[in-house]
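J.: So that we are looking at the same thing, I have put the structure below in structure tokens.
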Amino acid sequence: MIYYFLGINLITFLLFAYDKRAAKKRTWRIKEIYLLGSAFLGGSFGAYLGMHIFKHKTKKPKFTILILAFIIIHIFLIYKFMT
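Following our numbering, the numbering of the sequence shown begins with 1 at its first residue and continues without gaps.
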């Protein structure tokens, strides 16, 4: 379980990095549904770090609210899994 969690967060972080780079180069981008989907599937912490380190999607309220909601849900699920 820990390897999945670490892996999905790394993948999500890298997706945000790639999408930011693509945005700067004005090339093919990753669809928002994939960014949010990977965050929902466990990569919320990677998404949060990616948003703030790369300053990507931080001005979109939908992203900020959903990523924070996913973080809360994931913290709850981790707590329930550990107890």
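Using N, Cα and C, we set each Cβ at its ideal position, and we do this for glycine too.
Assuming Phe5 and Gly50 make a contact with CB atoms under 8 Å, what is their CB distance in whole Å?
T.: So it is not a contact: roughly 16 Å between Cβ atoms.
J.: Quick check on Phe76: buried or exposed, where buried means 16 or more other Cβ atoms within 10 Å of its Cβ?
T.: Taking all protein chains in view, the Cβ of Phe76 is surrounded by fewer than 16 other Cβ atoms within 10 Å, so the residue is classified as exposed.
J.: Would you mind stating whether Ala39 and Ile67 have Cβ atoms separated by less than 8 Å?
T.: yes
J.: Assign Gly37 to one of two classes, buried (16 or more other C-beta atoms within 10 Å of its C-beta) or exposed (fewer than that).
T.: exposed
J.: Going by alpha carbons, who is nearest to Tyr10 out of Gly42, Tyr79 and Ile72?
T.: According to the sequence displayed, residue 10 carries Leu and not Tyr. Ranking the options by Cα distance to Leu10, first place goes to Gly42.
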